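*Asks:* Have a look at the structure that comes next, please.
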Amino acid sequence: MLKLFIRIIAPGFVLAGLLHVFLGLGADVMLGADIPASVLNDASLDSQNRFYGISFTVYGVLLWIASTDLARYRTLLRVLILWFFLGGVMRLVSIALKGWPSNLVWALALSELVLPPVLWWMLRREEKAGQDQPRH
106 MLKLFIRIIA
116 PGFVLAGLLH
126 VFLGLGADVM
136 LGADIPASVL
146 NDASLDSQNR
156 FYGISFTVYG
166 VLLWIASTDL
176 ARYRTLLRVL
186 ILWFFLGGVM
196 RLVSIALKGW
206 PSNLVWALAL
216 SELVLPPVLW
226 WMLRREEKAG
236 QDQPRH
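Going by this note's numbering, the sequence shown opens with residue 106, and the numbers climb by one from there.
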């Protein structure tokens with residue numbers, strides 16, 4: 106079940122990351138950010154956005170790799186789950202400092218705070234089920 110779930114969501118991370126790689130700050134506009142044209146053309150912000158985009162793309166690829174062998178990549182998967190959750194926590198920090206984002210970004214924040222505990226629980230269930238299996 107966990108493997109299938111990860112295989113369903115991993116391409117979404119890759120796609121979201123690639124949107125930022127190819128669109129730069131334009132991807133943030135798609136998320137509802139109100140970015141003035143002068144800021145859209147800022148080379149430093151564009152560079153940062155594309156850097157984070159490829160990082161998010163790699164995150165999706167690592168999720169996919171972890172799904173190929175949950176037992177082997179258990180530690181990697183735990184790190185990825187924690188990484189995702191901390192991203193949601195950072196969105197809460199941003200909300201506290203800067204105010205409410207667009208509805209779409211708020212929905213992303215909720216998913217980043219809710220999905221990791223669910224994934225962690227699913228991973229624990231997989232581990233326990235694996236312990237119950239006879240060893241050959």
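Idealized CB from N, CA, C, for every residue including glycine.
As the structure is a prediction and not an experimental result, all values here were calculated from the model.
For the region 127–143 and the region 207–222, state whether three or more C-beta atom pairs, one from each stretch, are separated by less than 8 Å.
*Replies:* The region 127–143 vs the region 207–222: in contact.
*Asks:* Assuming V166 contacts V126 under a Cβ cut-off of 8 Å, what Cβ separation, rounded to an integer in Å, is found between them?
*Replies:* With 8 Å as the limit, V166 and V126 do not qualify as a contact, their Cβ atoms being about 13 Å apart.
*Asks:* What's the gap between the Cα of G204 and the Cα of I111?
*Replies:* Distance between the alpha carbons of G204 and I111 is about 31 Å.
*Asks:* Might you give, ordered along the chain, the residues of its own chain that have their beta carbon closer than 7 Å to the beta carbon of L191, omitting 5 neighbours on each side?
*Replies:* There are no such residues.
*Asks:* Taking C-alpha atoms, which residue in A234, I114, L150 lies nearest to Y164?
*Replies:* When only C-alpha atoms are compared, the closest one is I114.
*Asks:* When the Cα atoms are used, what is the spatial distance from G117 to G193?
*Replies:* G117 and G193: Cα-Cα distance of roughly 17 Å.
*Asks:* Evaluate P221 with the Cβ neighbour count: other Cβ atoms within 10 Å of its Cβ, from every protein chain shown; 16 or more gives buried, anything less gives exposed.
*Replies:* Looking at its Cβ environment, which holds 16 or more other Cβ atoms inside 10 Å, P221 is buried.
*Asks:* Assuming E231 and L175 are in contact, meaning their beta carbons sit under 8 Å apart, how far apart are those beta carbons, in whole angstroms?
*Replies:* That belief holds up - the Cβ atoms of E231 and L175 are roughly 6 Å apart, short of 8 Å.
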